[in-house]
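Asker: Under the working numbering, the sequence shown has 598 at position 249, and the numbering climbs by one with no breaks.
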Amino acid sequence: MTVAIGPPDSADLADAAADWAAAYVHIPFCARLCPYCDFAVVAGRDEATHRYVSALRKEIAMEPEWRPLRAVYVGGGTPSRLVPEQLGSVVGDLESRFGLADGAEVSLEANPEDWNFALADGLRQAGYERVSFGVQSFDPAVLKSLGRVHTPDQAATAVSVARQTGFRSINIDLIFGTPGETNVSWRDTVDRALALEPDHLSLYALTVERGTALSRAISAGAPAPDPDAQADAYETAEALCRTAGLVHYEVSNWARPDHGCVYNLITWAQGEYVAFGIGAHGHRQGIRPRNLRRLDAYLDRVEGGLSAEQGAETLDPWGREVERLLLGLRRIAGVVPGRGGEALLASLRGERLREAGVLGLAAGRMVVLRPLLGDEVGRAVLALQPGER
Ligand code: SF4
350 MTVAIGPPDS ADLADAAADW AAAYVHIPFC ARLCPYCDFA VVAGRDEATH
400 RYVSALRKEI AMEPEWRPLR AVYVGGGTPS RLVPEQLGSV VGDLESRFGL
450 ADGAEVSLEA NPEDWNFALA DGLRQAGYER VSFGVQSFDP AVLKSLGRVH
500 TPDQAATAVS VARQTGFRSI NIDLIFGTPG ETNVSWRDTV DRALALEPDH
550 LSLYALTVER GTALSRAISA GAPAPDPDAQ ADAYETAEAL CRTAGLVHYE
600 VSNWARPDHG CVYNLITWAQ GEYVAFGIGA HGHRQGIRPR NLRRLDAYLD
650 RVEGGLSAEQ GAETLDPWGR EVERLLLGLR RIAGVVPGRG GEALLASLRG
700 ERLREAGVLG LAAGRMVVLR PLLGDEVGRA VLALQPGER
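1. Runs of 3 residues minimum, wholly inside the stretch 576-645: which ones carry the beta strand (DSSP E) assignment?
2. Is the stretch 387-397 close to the stretch 714-726, with three or more CB pairs under 8 Å?
3. What does the Cβ neighbour count give for residue 535, buried or exposed, with the cut at 16 atoms within 10 Å?
4. Check whether the stretch 516-536 touches the stretch 432-452, taking contact to mean three or more Cβ pairs, one atom from each stretch, closer than 8 Å.
5. Does the distance from the CB of residue 377 to the CB of residue 437 come in under 7 Å?
6. Can you tell me whether DSSP reads residue 487 as helix, strand or coil?
7. Taking the C-alpha atoms as reference points, what is the distance between residue 616 and residue 367?
8. Compute the Euclidean distance between the alpha carbons of residue 506 and residue 685, then round it to the nearest angstrom.
9. When we look at the beta-carbon of residue 474 and count the other beta-carbons within 10 Å, is it buried (16 or more) or exposed?
10. Around the Cβ of residue 350, are there at least 16 other Cβ atoms within 10 angstroms (buried) or fewer (exposed)?
11. Nearest by alpha-carbon distance to residue 380: which of 419, 361, 428 is it?
12. Ends of the alpha helix (DSSP H) at residue 570?
13. Just to check, is the beta-carbon of residue 393 closer than 6 Å to a non-hydrogen atom of ligand 1?
14. Would you call residue 558 buried or exposed, if buried means 16 or more other Cβ atoms sit within 10 Å of its Cβ?
15. Does residue 731 come out as helix, strand or coil in the three-state DSSP assignment?
Laid out in structure tokens, this is it:
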């Protein structure tokens with residue numbers, strides 16, 4: 350059943366999401382490792398999918414009972430490397446263990462090269478209604494540098510198949526600022542994505558994470574992403590999305606009304622979620638547990654009836670306040686200032702950001718008026734001194 354959630358940038362929705370519960374399930378299997386990826390992933394281990402799904406189900410069964418879920422997000426890795434029966438069994442177990450709230454969003458990530466009618470149809474029957482495609486670009490040369498194995502045509506076909514099989518909400522993920530990508534190529538990518546009329550669009554700058562193949566290549570002399578070119582690309586995309594009628598609701602996310610991603614809204618509102626699978630992080634009552642990152646260690650532990658948790662972070666009240674600001678200010682709806690927001694507004698950096706038109710107050714909320722410069726606001730939040738707390 351579909352429940353209208355309203356404009357994705359509404360303050361009411363942003364705040365309501367703080368009280369919703371969610372589950373995240375991590376599927377680490379990939380066709381091959383993309384050079385920029387630093388997620389908990391494995392390639393060439395598809396023989397372990399059966400064991401992994403059994404371990405996930407065991408982990409879910411070990412989790413204490415909780416409240417009904419407003420969102421289930423199956424991410425990766427590449428969840429679409431599993432078959433619908435496997436992905437369906439995980440959602441079925443989550444539903445039996447916690448219950449699904451009315452209109453719960455059940456979402457998965459998929460790669461275009463895996464997607465076909467049988468898979469899409471099976472996933473619809475298993476209860477999935479939202480799909481997020483890792484498209485990244487419609488330029489074959491950019492796809493190649495990103496190490497992606499699909500073609501632009503496969504991406505377009507995947508969206509069309511999802512539509513025909515009744516997925517309620519379709520997201521397209523794109524990456525901008527890949528070295529060698531021109532503004533013309535990027536504009537064409539966004540145009541082609543928008544022509545597919547997605548319900549949701551996520552646009553991320555290519556970032557260089559330590560320990561990745563991309564980072565090693567750059568150290569050896571390969572070109573690095575250019576921040577100025579990335580800023581231009583962001584502005585180009587922002588204008589194209591606006592013209593297409595998509596609502597900008599988070600620094601990297603645009604959606605049509607009723608298509609804001611509920612799972613993400615919960616995480617940005619500092620809401621609570623349980624998490625399963627390798628490298629998965631949860632959040633309950635201010636504690637953020639994290640699971641083992643290595644596949645074999647995870648399988649051994651869970652198959653032995655033990656928890657997959659590797660550690661947990663417990664933030665003190667000030668740490669939670671800083672986190673609330675950092676997450677909440679990513680949203681176009683912003684945050685109620687609270688203790689940390691007031692400290693930021695009173696600080697010299699906060700004052701400068703207000704004078705520069707980056708930070709503002711509107712209807713009792715603190716908002717970032719120029720999302721492109723949101724990192725500067727984040728740095729100002731992190732720099733608040735003890736006397737300002
Ligand atoms: S497909 Fe996605 S998760 Fe897998 S290696 Fe590439 S970027 Fe990482």
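For each residue, glycine too, the CB sits at the ideal point set by N, CA and C.
Answerer: From the atom records:
1. 596-599, 602-604, 621-625, 636-640
2. no
3. Numbered from 1 along the sequence shown, position 186 holds the residue referred to as residue 535. With 16 or more other Cβ atoms within 10 Å, it is buried.
4. no
5. Locating residue 377 in the sequence shown gives position 28, counting from the first residue. Locating residue 437 in the sequence shown gives position 88, counting from the first residue. Not closer than 7 Å, so no.
6. As a first step, residue 487 is located in the sequence shown; it is residue number 138 there, counting from the start. It is coil, neither helix nor strand.
7. Your numbering for residue 616 matches position 267 in the sequence shown. Your numbering for residue 367 matches position 18 in the sequence shown. If I take the Cα positions, the gap works out to 8 Å.
8. Translated into positions along the sequence shown, residue 506 becomes position 157. Translated into positions along the sequence shown, residue 685 becomes position 336. Roughly 42 Å between the two C-alpha positions.
9. The residue labelled residue 474 in the question sits at position 125 within the sequence shown. When all chains shown are included, residue 474 counts as exposed.
10. Within the sequence shown, numbered from 1, the residue matching residue 350 stands at position 1. The pLDDT assigned to residue 350 is 44, lower than 50, so where the model puts this residue is not dependable; a value taken from the coordinates is nonetheless given after this. The residue is exposed, with fewer than 16 neighbouring Cβ atoms inside 10 Å.
11. As a working mapping, residue 380 is identified with position 31 in the sequence shown. Ranking 419, 361, 428 by Cα distance to residue 380 puts 428 first.
12. Working through the sequence shown from its first residue, we reach residue 570 at position 221. First-last for residue 570: undefined, no H or E at that position.
13. Position 44 of the sequence shown, counted from the first residue, corresponds to residue 393. The answer is no for residue 393.
14. Along the sequence shown, read from residue 1 onward, the residue named residue 558 stands at position 209. Label assigned to residue 558: exposed.
15. The count along the sequence shown starts at 1 and reaches residue 731 at position 382. If DSSP states are grouped into helix, strand and coil, residue 731 belongs with the helices.
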